[in-house]
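Numbering (full-length UniProt numbering), first residue to last: 1 to 359. Idealized CB from N, CA, C, for every residue including glycine.
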């Protein structure tokens with residue numbers, strides 16, 4: 001039951017996020033048009049950052065204010081969603097405005113950027129739902145990824161290919177998760193990105209800590225095994241994993257989950273990489289967080305502290321990114337609204353001090 005609870009908790013969170021993104025990106029099929037700051041050279045990715053999927057939807061003033069919050073917390077890295085559906089709303093339309101604004105503002109503050117490239121535009125899904133369906137062909141995604149890398153070469157440190165592709169909410173087709181199809185995307189996108197930005201890191205998208213459940217979710221270890229079987233080796237520089245706990249049990253900690261929790265999944269992912277000749281590659285935690293809808297603010301802070309300290313002790317662990325900077329709607333019953341370490345009114349929760357002390 002505990003494993004099933006975790007799986008359905010994960011599904012609920014990603015479902016809420018997917019629905020919200022679809023609504024926001026599909027209103028008129030275009031991204032917001034905004035001013036951009038002068039170009040700055042990219043900063044390197046440090047070992048602790050924020051994962052922020054909502055900068056895309058903020059005004060220029062709030063983008064800058066939210067990035068200032070990151071800096072004030074001692075953080076110098078950010079994993080930022082920069083959605084394909086917003087940047088290339090039609091095959092012949094490119095809108096770099098909001099992406100330039102965000103990346104340049106981050107660079108100006110010395111924040112190393114990990115660009116999350118997900119969210120398929122409707123024209124590229126082959127009939128699936130916009131944003132949440134995978135691209136109809138790996139070539140269309142690779143063309144976007146290559147163009148993105150050419151545009152941002154020297155300003156983005158790493159590119160993450162998709163998000164939680166082992167759950168149907170971000171791979172929204174009847175067949176459910178398809179490791180072989182994702183491997184084909186990786187194999188197409190990797191040379192496209194490297195050709196435009198040779199020094200950048202390419203990350204295989206963050207795997208959710210789910211179980212094998214019909215066509216809805218696939219255990220990340222099973223998924224990775226099938227990725228390798230489909231020839232994914234050599235087409236990513238690091239693997240991303242999202243080691244969420246997904247339990248209201250106030251005593252639960254990342255450090256205590258080696259047998260059946262996300263820490264145990266990390267061990268198995270690491271072993272799978274070793275068996276496939278990728279023992280020298282890191283696993284990046286491109287999302288970890290705790291919603292204060294589910295637990296109180298003190299527990300959120302304690303879980304984040306435990307996660308950061310434990311993650312840093314693991315062999316082969318790369319940078320970790322805390323999801324997320326600021327609540328969308330503090331006090332909302334929707335868990336997705338309350339993952340921030342700052343409240344909607346810009347005031348800090350205790351977790352902000354934890355991150356500052358460990359940055």
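{"Query": "Mind checking whether the beta-carbon of residue 249 lies closer than 7 Å to any heavy atom of the ligand PLP?", "Result": "What this structure holds is no ligand at all, so the ligand PLP is not there to describe."}
{"Query": "At what residues does the beta strand (DSSP E) containing residue 117 begin and finish?", "Result": "112 to 117"}
{"Query": "DSSP three-state call for residue 173: helix, strand or coil?", "Result": "coil"}
{"Query": "Thinking just about the alpha-carbon of each residue, which of 61, 144, 66, 76 is nearest to the one in residue 360?", "Result": "With the chain covering only 1 through 359, there is no way to say anything about residue 360."}
{"Query": "Assuming residue 74 contacts residue 348 under a Cβ cut-off of 8 Å, what Cβ separation, rounded to an integer in Å, is found between them?", "Result": "Their Cβ separation, rounded to whole angstroms, is 12 Å, which puts residue 74 and residue 348 out of contact at 8 Å."}
{"Query": "Once you ignore the five residues that flank residue 163 on each side, which residues in its own chain have a CB closer than 7 Å to its CB?", "Result": "116, 118, 170, 205, 206"}
{"Query": "Does the Cβ-Cβ distance between residue 166 and residue 210 come in under 8 Å?", "Result": "yes"}
{"Query": "From which residue to which residue does the alpha helix (DSSP H) around residue 62 run?", "Result": "60 to 72"}
{"Query": "Determine, using beta carbons only, whether residue 238 and residue 183 come nearer to each other than 8 Å.", "Result": "no"}
{"Query": "If you draw a straight line from the alpha carbon of residue 34 to that of residue 253, how long is it in whole angstroms?", "Result": "Here the model assigns residue 34 a pLDDT of 37, short of 50, so the residue's position is not dependable and the matter cannot be decided."}
{"Query": "Measure the C-alpha to C-alpha separation of residue 151 and residue 141 and round it to an integer number of angstroms.", "Result": "15 Å"}
{"Query": "Quick one: measure Cβ to Cβ for residue 138 and residue 185, integer angstroms, because I've assumed they're closer than 8 Å.", "Result": "5 Å"}
{"Query": "Which word fits residue 340, buried or exposed, when buried means at least 16 other C-beta atoms lie within 10 angstroms of its C-beta?", "Result": "buried"}
{"Query": "Can you tell me whether residue 260 is buried or exposed, with buried defined as 16 or more other CB within 10 angstroms of its CB?", "Result": "exposed"}
{"Query": "DSSP beta-bridge partners for residue 273?", "Result": "Residue 273 is not bridged to any residue."}
{"Query": "Evaluate residue 331 with the Cβ neighbour count: other Cβ atoms within 10 Å of its Cβ, from every protein chain shown; 16 or more gives buried, anything less gives exposed.", "Result": "exposed"}
{"Query": "Leaving aside the five residues before and after residue 173 along the sequence, list all residues of the same chain whose C-beta is less than 8 Å from its C-beta, in chain order.", "Result": "128, 133, 134"}
{"Query": "Tell me which residues share the same chain as residue 193 and place their Cβ nearer than 7 Å to its Cβ, disregarding the 5 neighbours each side in the sequence.", "Result": "145, 146, 149, 159, 200, 202"}
{"Query": "Would you tell me roughly how many angstroms separate the C-alpha atoms of residue 303 and residue 91, rounded to the nearest one?", "Result": "44 Å"}
{"Query": "On a CA-only basis, which of 312, 351, 295 is nearest residue 324? Give me that one, please.", "Result": "351"}
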